[in-house]
Each structure stands twice: as structure tokens, then as C-alpha cells.
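S.K.:
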Amino acid sequence: MSAAAREELKKRLKEHAVFHYKLSMNNTICMVNDVGGRLIKDSSAGKLGYLNCKRGQATSAYHVGKHLAIIVMDRGYKTASVRFKGVGRGREQIVKAMREHGMWIRVISDTSRCPFNGQRAKKPRRV
Numbered sequence: 554m555s556a557a558a559r560e561e562l563k564k565r566l567k568e569h570a571v572f573h574y575k576l577s578m579n580n581t582i583c584m585v586n587d588v589g590g591r592l593i594k595d596s597s598a599g600k601l602g603y604l605n606c607k608r609g610q611a612t613s614a615y616h617v618g619k620h621l622a623i624i625v626m627d628r629g630y631k632t633a634s635v636r637f638k639g640v641g642r643g644r645e646q647i648v649k650a651m652r653e654h655g656m657w658i659r660v661i662s663d664t665s666r667c668p669f670n671g672q673r674a675k676k677p678r679r680v
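In the numbering used here, the protein residues as written are 554 to 680.
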């Protein structure tokens, strides 16, 4: 592979980032990878200063998306694919924050696990 082809490949790979969001009821965690799978940046609502139950709210998810979109855009990435996992709130707010700050989103996918009649459910709590 020639040097010019190698530089073109590096440039093409750097244009696209993959955002992995884990949305739980208690926190919003995000890891950003490049196409090769190397970690670019990670963040969460707890790292941004939200405490206790505020970490699981939609506004904290918005700020996590905004924070990471700004950092990734500064590093030269233009397009992104977003993968959500979990049952937490704030999916629309995350996408809205990324679009407002100039990130072009190619794919939005949900990778949450869904059992097909797996284990027996836990008995309901009686108070």
C-alpha cells in the first residue's frame, strides 16, 4: 500500500465515529469509538457532576450527548452512528443534542437485550 493510499484510508476512517450509549434508570454512560474499535472518549452523567437520581434524567442525557459531540467534532469526526442499550430515558434528547452541535448521524440502532421467554421472572414485592 502506498503512502498516499494509507493517508487516504486514515482520513476516511477518521470521518466516522460510533457512539455506544448505555441508558439505565440510574445513569447514562457513553463510549465513543472509531471504526476500528479504538476508544476516543467516554463520559457519563456522573462525570459531568450530576448526583443521585438526577443522573438518570433526560436532561443529564442531553448534556452527555452535547459534551461528547463537541469533543468528537473538535477531533475531526464528522459523521456518527448511535447505538442505544437499556431502558433509560433521554434517547431523543441525545440525538437532538448531537444534531444541534453539527454531528451528522447516519444510523440509529437499539441493541437492548430482549428475552424470548427466558428465565422465570422474579416474584413481585409485597409491601
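Glycine included, every Cβ here is placed at the ideal spot set by N, Cα and C. Every value quoted in this text rests on a predicted model; they were computed, and no experiment measured them.
Suppose contacts are defined by Cβ-Cβ distances below 8 Å. Is Met651 in contact with Ala622 by that definition?
M.R.: Here residue 651 refers to the residue found at position 98 when the sequence shown is read from its first residue. Here residue 622 refers to the residue found at position 69 when the sequence shown is read from its first residue. Going by C-beta atoms, Met651 is nearer than 8 Å to Ala622.
S.K.: Could you compute how far the alpha carbon of Asn605 sits from the alpha carbon of Arg642?
M.R.: Against the sequence shown, residue 605 aligns to sequence position 52. Against the sequence shown, residue 642 aligns to sequence position 89. The straight-line gap from Cα to Cα measures roughly 15 Å.
S.K.: Quick one: is Ser662 buried, meaning 16 or more other Cβ sit within 10 Å of its Cβ, or exposed?
M.R.: Stepping through the sequence shown from its first residue, residue 662 is reached at position 109. So Ser662 counts as exposed.
S.K.: To the nearest angstrom, how far is the alpha carbon of Phe572 from that of Val680?
M.R.: As a working note, residue 572 is residue 19 in the sequence shown. As a working note, residue 680 is residue 127 in the sequence shown. Their Cα atoms are separated by approximately 41 Å.
S.K.: The alpha helix (DSSP H) that contains Met584, what's its start and end?
M.R.: Sequence index remark: in the sequence shown, residue 584 carries index 31 (1-based). Taken as a continuous stretch (DSSP letters only), Met584 belongs to no alpha helix (DSSP H), being part of the beta strand (DSSP E) at Thr581 to Asp587.
S.K.: Report the rounded CA-to-CA distance for His620 versus Ala614, giving the unit in angstroms.
M.R.: Position 67 of the sequence shown holds residue 620. Position 61 of the sequence shown holds residue 614. For His620 and Ala614, the distance between alpha carbons rounds to 10 Å.
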